[in-house]
Structures are given as structure tokens and as C-alpha cells.
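Structure record follows, encoded as C-alpha cells.
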Amino acid sequence: MTIIHRRTLLSGLGALGFAASAQLGTVTSAVAQTVPAVPTTPMPRLRRTHELVSLTSVHTDRPRVALTFDDGPHPQNTPHLLDILARYRVKATFYVIGQNARRYPEIVRRIVAEGHELGNHTWTHPVLSRQSDSTILTEIDRTQQMIWDTVGAVPVTMRPPYGSFTHRQMQMLFDQRNLSSVVWSVDPEDWRRPGVSVVAQRMIQGARPGAVILAHDIHGPTIRAVPAALDGILARGLQPVTMSELLAWPHWGPRGLRYVGRATTPYQG
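Take a look at the structure:
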């Protein structure tokens, strides 16, 4: 059965349009102080460390939520968002489009240097439920390679564009690439541009332990909504963390994982 989010395909293609035409200027915010070196070793294949094929939220008693941002990086909005997250001292996960990551590697490096997580959001933002397995793997692999070449780590989760991915495809991706598909439990529908206060309130109302909150760092009003959203989420006693932290996995990326049977432990060597 295909998982189709209620957003229309026409609206969703706006993100793809951004990816195809993002000659949008220069970064105005300061780049991070320290960035990972470009790797000289081949990209690793992720080893099987869990059995989680897909999720929309996480069952946990800990007061944590995952704040996630799709479709970037954007040359102005993403640095501004990073400034806000730094001010609040919270972490997020950025599901980047491979083509955009290639255009703005300095922003990708800053995301990682400031302690956030990167997720795979495909290379061109297609409707995956309409694609062949080989096309899906190509979209995923190109993005994994780009991120590895840029920061020396590879994402451990993937978000399907528009939430459109069949259960069979999710299982295929997990079997072939050991990537868990992450959808969401809170959608403020910021892509509809309902207004800054509406986006913030929807994010706050949906926040509860284990929630996965969707937003888009390609939309200026969304970035302006983040401070109020964070004020409300923190006031409810919830802490925004990365996807790996919400799942209680070790730090994302090959440098933070060591394979031990069917479980993971923090890397000590």
C-alpha cells in the first residue's frame, strides 16, 4: 500500500523546483568554526545494527522530540535557522536534497560542525512510490556519496519526499542499504504558508514525547516561526534532539558507531 501524504503533488513539486533552480545568492551568516575534513577513504556501507524499517514517531517516556527540516540546504534560510538553534542550544535533523547539498557544501559542513544530524532526502526529490527500485537506490546512493564526500559521515535515516513510499519499498531500502525510512507525526503544513503564528502553534500542539516534527528550511516564514515554536516546546518540558538521539542510537555516522552483533555501542576507539 502506498503512503501518500495529503499535500498535493503540485505543491510538493515546489521543493523540486527549488532544487532545480537554486542559484539563490550567498550565505550571509558566519560559517562554523570547525568543519570535518573531506574524506580520502571510500564511503562505507552501513552495517545492520537494528531492525527498524520505518517510523512516524518513537515510543519513549523521555521528554524528547525530533525537530526535522526538509529540502535544504537553503543559502539564506538554513544559516539563519542554525543561528536560532544555536541560540536555544537545541539540535535538529536536516533531511537534505543531494543536489542542494552539492550546491552549498559549506552549509552542510556547518550543520554537522554545530552538532546537528543529516538525513537523506534523495537527490532530486522525486515521488518514490512511482519509481523503480534501481532508481530509488540511485537517488539514495548519490546523496549518501555527496554527504560522505562533504563531511566524512553518512546518514542513517532517509525521509521519502511527500511521504510517498510503499511498505515494500521501505523494506527494500532497509534490506539493501540498512536505512530506516522516517516519516513524521506532526505536520504544521508550513508549505501552505498559513502564517508564522499558525505554524508555530501547530508545532507546539503536536509536540509530545517521541514526536517527529516536520518543517522545511526552504520557507522563510517557517524560520520565523521557529523561535516561538521552540519557546512553546521547551515550556512543555520537551527537549528537541536529533533523530538518532530520539531513537537512543549512538551518534549518527560511521565515526560514531561500532557494530556489535545486532546492537550498537558508542565508538571508543
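Residue numbers (mature numbering (1 follows the signal peptide of the UniProt record, and there is no 0)): -22 to -1, 1 to 247. Think of the CB as a built atom: it goes at the ideal place given N, C-alpha and C, for glycine as much as any other residue.
Measuring only the C-alpha atoms, how far is ALA185 from THR220? Residue 185 sits at position 207 when you count from the first residue of the sequence shown. Residue 220 sits at position 242 when you count from the first residue of the sequence shown. Rounded to whole angstroms, ALA185 to THR220 spans 14 angstroms at the Cα level.
Counting beta carbon pairs with one atom in the region 41 to 50 and one in the region 186 to 201, are three or more of them shorter than 8 angstroms? yes
Span of the beta strand (DSSP E) around GLU167: If you number the sequence shown from 1, residue 167 lands on position 189. Note, GLU167: premise wrong, no beta strand (DSSP E); not H, not E.
How big is the Cα-Cα spacing for ILE125 and GLY76? In the sequence shown, counting from the first residue as 1, residue 125 sits at position 147. In the sequence shown, counting from the first residue as 1, residue 76 sits at position 98. Using only the alpha carbons, I get a separation of about 8 angstroms.
Out of HIS229, TYR140, ARG146, which has the shortest C-alpha to C-alpha gap to VAL161? Mapped onto the sequence shown, residue 161 falls at position 183. Measuring from the Cα of VAL161, the nearest candidate turns out to be TYR140.
Please identify the residue among ARG67, ARG87, PHE72, PRO199 whose C-alpha is closest to the C-alpha of GLU95. Within the sequence shown, numbered from 1, the residue matching residue 95 stands at position 117. The option with the nearest alpha carbon to GLU95 is PHE72.
Can you tell me the Cα-Cα spacing of ALA206 and PRO51, whole angstroms? The residue you call residue 206 lines up with position 228 of the sequence shown. The residue you call residue 51 lines up with position 73 of the sequence shown. Using only the alpha carbons, I get a separation of about 22 angstroms.
Taking its Cβ as the centre, do 16 or more other Cβ atoms sit within 10 Å of ASP39, making it buried, or is it exposed? Position 61 of the sequence shown, counted from the first residue, corresponds to residue 39. ASP39 is exposed by the Cβ-count criterion.
Compute the Euclidean distance between the alpha carbons of LEU63 and ALA70, then round it to the nearest angstrom. Numbered from 1 along the sequence shown, position 85 holds the residue referred to as residue 63. Numbered from 1 along the sequence shown, position 92 holds the residue referred to as residue 70. Straight-line Cα distance between these residues: approximately 8 angstroms.
Secondary structure at GLY198, three-state DSSP: helix, strand or coil? On the sequence shown, position 220 is the one that residue 198 refers to. Reduced to three states, the DSSP call for GLY198 is helix.
Under three-state DSSP, which class holds SER112? Along the sequence shown, read from residue 1 onward, the residue named residue 112 stands at position 134. Helix at SER112.
Taking just the CA atoms, how far does SER159 sit from ARG170? Position 192 of the sequence shown, counting from 1, holds the residue named residue 170. Position 181 of the sequence shown, counting from 1, holds the residue named residue 159. About 24 angstroms.
Distance between beta carbons of LEU106 and PRO138, contact taken as under 8 angstroms: Sequence index remark: in the sequence shown, residue 138 carries index 160 (1-based). Sequence index remark: in the sequence shown, residue 106 carries index 128 (1-based). About 5 angstroms separates the two Cβ atoms, so the contact holds.
One or two residues paired with SER158 in a DSSP bridge: The sequence position of residue 158 within the sequence shown is 180, counting from 1. Answer is THR135.
Where does PRO205 fall in DSSP's three states? Here residue 205 refers to the residue found at position 227 of the sequence shown. It is helical.
Below 7 angstroms CB to CB, which residues in the same chain sit around THR4 once its five sequence neighbours on both sides are set aside? Residue numbering aside, residue 4 sits at position 26 when the sequence shown is read from its first letter. Bear in mind that a pLDDT of 31 at THR4, under 50, signals an unreliable position, so the number given afterwards is only what the model happens to contain. These residues qualify, in order along the chain: PRO53.
Buried versus exposed, by CB contacts within 10 Å (16 or more), GLN1: In the sequence shown, counting from the first residue as 1, residue 1 sits at position 23. Interpretation of GLN1 is limited by its pLDDT of 32, a score under 50 that renders its predicted location unreliable; the figure taken from the coordinates is listed afterwards. Exposed, by the Cβ-count rule.
Residue range of the unbroken alpha helix (DSSP H) whose run includes GLY184: What you label residue 184 is simply residue 206 of the sequence shown in a count that begins at 1. Counting along the chain, the alpha helix (DSSP H) containing GLY184 begins and ends at 174 to 184.
Label ALA203 either buried or exposed according to how many other C-beta atoms from any shown protein chain fall within 10 Å of its C-beta, with 16 as the threshold for buried. Your numbering for residue 203 matches position 225 in the sequence shown. Buried.
Roughly how many whole angstroms lie between the Cα atoms of ASN98 and VAL176? Taking the first residue of the sequence shown as position 1, residue 98 is located at position 120. Taking the first residue of the sequence shown as position 1, residue 176 is located at position 198. When rounded, the distance between both Cα atoms is 28 angstroms.
Any idea what DSSP makes of ASP49, helix, strand or coil? To locate residue 49, count along the sequence shown from 1; it is residue 71. Three-state DSSP puts ASP49 in coil, outside helix and strand.
What's the gap between the Cα of ILE85 and the Cα of ARG146? The sequence position of residue 85 within the sequence shown is 107, counting from 1. The sequence position of residue 146 within the sequence shown is 168, counting from 1. ILE85 and ARG146: Cα-Cα distance of roughly 34 angstroms.
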